[in-house]
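**Student:**
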Amino acid sequence: MIEIRERRWLVDGRPTLVFAGEIHYFRLRREEWEDRIRKLKDVGCNAVATYVPWLVHEQREGEIDVSDVARFLDLCHRHGLWTIPRPGPFVMGEIKNEGIPFWVYQKYPETIPVTWEGKRSESKILDFLNAKYLACVEKWYAAVMPVFAERLQPKGGSVIGVQLDNEIGMLQWVTNNPDLSDDTLCDFARWVTERYGHGRYPFDLNDPVARAKELRNPTEKIGPRLLRDYGDYERNRFARYVAALRGFAEKAGVRDVPFIVNIHGTGGGRGTTYPIGIHQLYESYTQEPGYLSGSDHYLGELTRDNAQDLHFMNAFMTAVSRPEQPIGSMEFEVGSGDYGENGAALHPPAAADHKVRLSLFQENRFLNYYLLAGGRNPMMKIPPNDGNGRVGTTGERHGFAAPIAPEGNLNPTYAPLRATTHASLAIADKLADMDEEHDDVALAFLPDYYKTDLHRPGPMREIVQRIEDAREALASITRSMLALGFRYSAVDIQSRAITSGSLVLASSRHLDEAIQTKLRDYVTGGGRLLLYGELPRLDMEGRPCTVLADALGVRHHETLQASGDYHLSMQAEDEPEVRTWRLHTFDAPHGKPLVRVIGRREPTGVELSVGRGKAVVLGCNYPLHAPFYRSHFASLGLHPGLEHGELRMGILLNSMRNKAGERFVSVINLDVYEKRLRLKENGKPLFDGAEIVLPPKDARFLPLGVSFGSTRVVYATTELSERTRDRLRFRATGSEERMVVEANGTRRTIRTKPGESAEVRL
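Under this note's numbering, the first residue of the sequence shown carries the number 938, and numbering increases by one thereafter.
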């Protein structure tokens, strides 16, 4: 039985962490399957995920052969593994046409969308709600879904979840090619009229000629309106598409397992654009029970530059999820990073390790190691004249960056991934039933700040650029918060109540009146707000709106930009003068100046008392000077519950707790330098004040009051590396470590020397 409850994934009633690895059976010979499955099990995985490409299985219309799918799933089951099939229809995965058979495009050219200026879409995307496309998909699902239905875990099989489509909205975003087909615009007109009535646009939306002309070539007058409306409509459209796919799957017998929606959005080793995928898809996976969201990210190694990205990505996913839904990852990068096979990348062991650890402590209940095993792209049965005639776009070999190479040999990333997974498995049953702990501060998430996936020149593009500016502020403030040890949550302030005592908003000049009003009421009612970025003074369509600024008693004065001849500088109290490239100044007659601009009267940072609450407004990306941020968070009554004491920072702290009070603290050293820590909680020493020495790029799960049978680990300064029914093994490190355990009413302290592990009998 599979249940989704209280942000947990329960298998037969037990909270479970799913560690899957992606193996593409269709890129391997049948006789190779078992070898790859055995290597997956050796890594520590308990599940296999795989694309099931429509393109591979129905190369000629009506000739569908899914016998290999059944064989592969059955082999996984015989090995005691769960499975998560991913049957598209779009699968991407470096497969031609993103997994759609060639005959669909050839037979139904009307399914290819029209976009700006009446042009055909540049990608292989199709009109998701086109009746002929959906009819083809329904036939594909009618053929492949029964294979899964016969093998569902609740029926004694291996299938514990099924992914619907893949990276929905990604192709439209990266090409800036929204679907503006005739049928889509007709549907859009209906949607707009239902929401706003008539008169929303200065032309007749019911006139197909007029709406095609105006919406495919938006003028400056309607551009901002279209930006807002189409973003909302697109969410609704994607949700209806996902609901249709689920309906086809359920009709074919797939029930009682979660349907997974995969969220795209990272790029260039950063996650600043990832929330675009959340904006596009959160209505799809929250529209009713039975869905899960899975991330899809390629961040490489976590560093001081991008670690905060993964943290806010996970936090934002949780912020929009339903109360029962956990989060997870369906494409969790674990390879070398050498995707071009040109020798330009080899991620270090810490790359996957740190991402796994951070994600588990942010309540990811399933991780799919992608791609775990490489393979070869087979030839098409009817080879297209496209240069190689193969199924995939990467040449003969595929997955050369994977821990298991196409030929089956192990790449350097395999052993470190195995070590990380086994360390996680040693405490997996505990983590699966724990909740992330937070300080009393939340990061504001606004899905509308990521309606940047379509735009045209003029005011539409200008609004997109202004709200994109807030992403730099988001990265800056979250990096600072994590560096100081703050364990923040996130809240969708568009649709959820703000319940934390303090709120941090990386802001743009654009913010809707309803949100400004909610923030005004929050602060005047006693909340504490840190506004970091531009002071909102326009709504999302570019109209003046100063509800929040008026309540705070602050006005935007001017935006200053550095140049080759103007060395824009600022200074805070008890801080050195610092340079910056851009900032915003304020008129705040009743505010306390915090950061002054050299040569100017107006400040770029102010503190304000507002009703029963307080606000700090910073119009600059201030350098990461710990005393500065610590002081101004303290002025809002905020102090990190956990402190590491490392002046050079570069430490990520997270913690989890279960209902029994058992806890783990996760400590990650992002740097290539050794760190010596003495952890404190609420000002009091943890681990009896013992020093924790973290070598370069090291990380640990540290237990606090965790019971294993009748033995209780009061604390340990190193982590469990292995756990069996009768013993615990603690990892050897390069330093002296301390473990305090209790059993049968007796407490004892175990000390190990450098390079020495320890065992505790249960």
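All residues carry an ideal CB built from backbone N, CA and C; glycine is no exception.
Everything numeric in this text was worked out from a predicted model, so none of it was measured.
If you drop the 5 nearest sequence neighbours on each side, which residues of the same chain put their C-beta closer than 8 Å to that of Thr-1048?
**Tutor:** Val-1041, Tyr-1042, Leu-1063, Asp-1064, Asn-1067, Lys-1069, Tyr-1070
**Student:** Give the single residue among Asp-1002, Asp-1144, Pro-1115 whose Cα lies nearest to the Cα of Gln-1217.
**Tutor:** Pro-1115
**Student:** Starting from the Cα of Asp-1608, find the closest Cα among Ala-1288, Arg-1302, His-1527 and give me that residue.
**Tutor:** Ala-1288
**Student:** Touching or not, the stretch 1203 to 1215 and the stretch 1083 to 1101, by the rule of three or more beta carbon pairs under 8 Å?
**Tutor:** No, they do not touch.
**Student:** In whole angstroms, what is the alpha-carbon distance linking Arg-1519 and His-1493?
**Tutor:** So the two alpha carbons sit approximately 14 Å from each other.
**Student:** Kindly indicate the opening and closing residues of the alpha helix (DSSP H) around Gly-1214.
**Tutor:** If you look at Gly-1214, you'll find it in the alpha helix (DSSP H) that goes 1212 to 1223.
**Student:** Please go through the same chain and pick out, in chain order, the residues whose beta-carbon is closer than 6 Å to the beta-carbon of Glu-1075, but skip the five residues on each side of it.
**Tutor:** Phe-1185
**Student:** Could you give the uninterrupted runs of the alpha helix (DSSP H) lying entirely in the stretch 1031 to 1086, keeping only those of 4 residues or more?
**Tutor:** 1039 to 1044, 1068 to 1086
**Student:** With distances taken between CB atoms, is the gap from His-1014 to Met-1107 smaller than 8 Å?
**Tutor:** no
**Student:** Going by DSSP in three states, Ile-1200 sits in which element: helix, strand or coil?
**Tutor:** DSSP, reduced to helix, strand and coil, places Ile-1200 within a strand of the structure shown.
**Student:** Identify, in the order they occur along the chain, each residue of the same chain with its Cβ nearer than 7 Å to the Cβ of Arg-945, setting aside the five sequence neighbours on each side.
**Tutor:** Pro-952, Pro-1263, Arg-1302, Ala-1369, Asp-1370
**Student:** Among Gln-1508, Ser-1095, Ser-1417, Phe-1645, which one has its Cα closest to the Cα of Leu-1561?
**Tutor:** The shortest Cα separation from Leu-1561 among Gln-1508, Ser-1095, Ser-1417, Phe-1645 belongs to Ser-1417.
**Student:** Taking just the CA atoms, how far does Leu-1309 sit from Gly-1093?
**Tutor:** 26 Å
**Student:** Going by Cα to Cα distance, which pick from Glu-1187, Gly-1204, Thr-1203 is closest to Phe-1196?
**Tutor:** Glu-1187
**Student:** Would you kindly work out how many angstroms separate the C-alpha atoms of Phe-1249 and Leu-1383, rounded to a whole number?
**Tutor:** 12 Å
**Student:** Between which two residues does the beta strand (DSSP E) harbouring Asp-922 extend?
**Tutor:** The chain is shown from 938 up to 1699; residue 922 falls before or after that span and cannot be answered.
**Student:** Would you give the residue range spanned by the beta strand (DSSP E) that Ser-1647 belongs to?
**Tutor:** Careful: Ser-1647 lies outside any beta strand (DSSP E) and carries neither H nor E.
**Student:** Could you check where the beta strand (DSSP E) with His-1493 kicks off and where it finishes?
**Tutor:** In the DSSP assignment, His-1493 falls within the unbroken beta strand (DSSP E) covering 1492 to 1498.
**Student:** Taking the beta carbon of Gln-1508 as the centre, do at least 16 other beta carbons fall within 10 Å, making it buried, or is it exposed?
**Tutor:** Gln-1508 counts as exposed, since fewer than 16 other beta carbons sit within 10 angstroms of its beta carbon.
**Student:** Report the rounded CA-to-CA distance for Gly-1464 versus Arg-1192, giving the unit in angstroms.
**Tutor:** 44 Å
**Student:** If contacts are defined as beta-carbon pairs under 8 Å, then Ala-1488 and Thr-1461 qualify, I think. What distance do you get, rounded to the angstrom?
**Tutor:** Correct: roughly 6 Å between the Cβ atoms.
**Student:** If you reduce the DSSP assignment to three classes, tell me which class Cys-1123 lands in.
**Tutor:** helix
**Student:** Suppose you measure from the CA of Val-1081 to the CA of Arg-1008; what does that come to, to the nearest Å?
**Tutor:** 13 Å
**Student:** In this structure, does DSSP put Met-1029 in helix, strand or coil?
**Tutor:** coil
**Student:** By alpha-carbon positions, which one of Pro-1396, Ala-1680, Gly-1598 ends up nearest to Arg-1649?
**Tutor:** Ala-1680
**Student:** Three Cβ pairs or more, each shorter than 8 Å: is that satisfied between the stretch 1432 to 1449 and the stretch 1377 to 1397?
**Tutor:** yes
**Student:** Touching or not, the stretch 1348 to 1355 and the stretch 1556 to 1575, by the rule of three or more beta carbon pairs under 8 Å?
**Tutor:** no
**Student:** On the three-pair Cβ rule with 8 Å, is the stretch 952 to 968 touching the stretch 980 to 993?
**Tutor:** yes
**Student:** Is the beta carbon of Pro-1161 closer than 8 Å to that of Ile-1400?
**Tutor:** yes
**Student:** If you draw a straight line from the alpha carbon of Gly-1265 to that of Pro-1513, how long is it in whole angstroms?
**Tutor:** 43 Å
**Student:** In angstroms with no decimal places, state the Cα-to-Cα distance between Thr-1203 and Glu-1268.
**Tutor:** Each residue's Cα considered, the two are about 11 Å apart.
**Student:** Run through DSSP, which three-state label would Leu-1012 get?
**Tutor:** Here Leu-1012 sits in helix by DSSP.
**Student:** Buried or exposed, going by whether 16 or more other CB atoms sit within 10 Å of the CB of Val-1678?
**Tutor:** buried
**Student:** Give me the residue from Ile-1159, Tyr-1167, Leu-1012, His-1234 with the minimum Cα distance to Arg-1132.
**Tutor:** Taking the Cα of Arg-1132 as reference, the smallest distance to any Cα among Ile-1159, Tyr-1167, Leu-1012, His-1234 is reached at Tyr-1167.
**Student:** How is Lys-1158 classed by DSSP in three states: helix, strand or coil?
**Tutor:** coil
**Student:** Could you tell me the distance, in whole angstroms, from the CA atom of Pro-1349 to the CA atom of Asp-1625?
**Tutor:** Cα-Cα distance, rounded: 38 Å.
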